[in-house]
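Here our numbering is used: the sequence shown runs in plain steps of one and ends on residue 1136.
Take a look at the structure set out below.
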Amino acid sequence: MRKRRQRQDEIKRIVREERIRTQRDLVVQLEKCGYHCTQATVSRDITELGLRKLPEGVYVLAEDLHLQRMISELVLSVAHTNNLLLVKSSTGTAPGVAAALDAADIDGILGSIAGDDTILVITADEPSAQRLQDQIDKFRGE
């Protein structure tokens, strides 16, 4: 039971950070992390975790679907420096996008401040900012 939970936590991390298109890709990434499992095991994990595929063919966590939709439809650009991320969105949508980011409970986000069309996200460190920028870019289809 414990090993399954640890493996599934690792799957969540991988899916948030990488562009996983197939179950085989996920098996390979898990092996790199020290988890040796079959594609059948990964298939069961995908079902249990409620992973979904985006139209672009990339897996996403079910709890990230709302965030993905908001980002793909409303975010115009994203840039970071050090531990700060600047997200530009359509006029009037920044508070909703910031709320979705906060609700997603993404590791490394300390908080956000939203204006009308700009969000400042403060992360724990520069690698967290880069991971978040990569995730936002992934959700934007880039």
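Think of the CB as a built atom: it goes at the ideal place given N, C-alpha and C, for glycine as much as any other residue.
For clarity, every value in this text was computed on a predicted model and none was experimentally measured.
{"Check": "Boundaries of the alpha helix (DSSP H) in which Val1021 is found, first to last residue", "Outcome": "1017 to 1026"}
{"Check": "Cβ-based neighbour list, Arg1001, same chain, cut-off 6 Å, excluding 5 preceding and 5 following", "Outcome": "Tyr1029"}
{"Check": "For Lys1047 and Lys997, the rounded distance between their alpha carbons", "Outcome": "25 Å"}
{"Check": "Distance between Pro1121 and Gln1127 (C-alpha atoms, nearest Å)", "Outcome": "10 Å"}
{"Check": "Proximity below 8 Å, CB of Leu1061 to CB of Val1072", "Outcome": "no"}
{"Check": "Endpoints, the beta strand (DSSP E) within which Val1115 is located", "Outcome": "1112 to 1117"}
{"Check": "Contained alpha helix (DSSP H) runs [length at least 4] in the region 1029 to 1073, N- to C-terminal order", "Outcome": "1033 to 1043, 1059 to 1068"}
{"Check": "Residue from Leu1095, Gln1033, Ser1106 with nearest C-alpha to Arg1063", "Outcome": "Leu1095"}
{"Check": "Delimiting residues of the alpha helix (DSSP H) encompassing Ser1122", "Outcome": "1120 to 1133"}
{"Check": "Among Asp1131, Thr1032, Val1054, Thr1016, the one whose alpha carbon lies nearest that of Lys1006", "Outcome": "Val1054"}
{"Check": "Per-residue DSSP class, three states only, for Ala1098", "Outcome": "coil"}
{"Check": "Beta bridge counterpart(s) of Val1091 as assigned by DSSP", "Outcome": "BP columns for Val1091 are empty, so no partner."}
{"Check": "Local Cβ density within 10 Å of Ile1130, reported as buried at 16 or more and exposed below that", "Outcome": "buried"}
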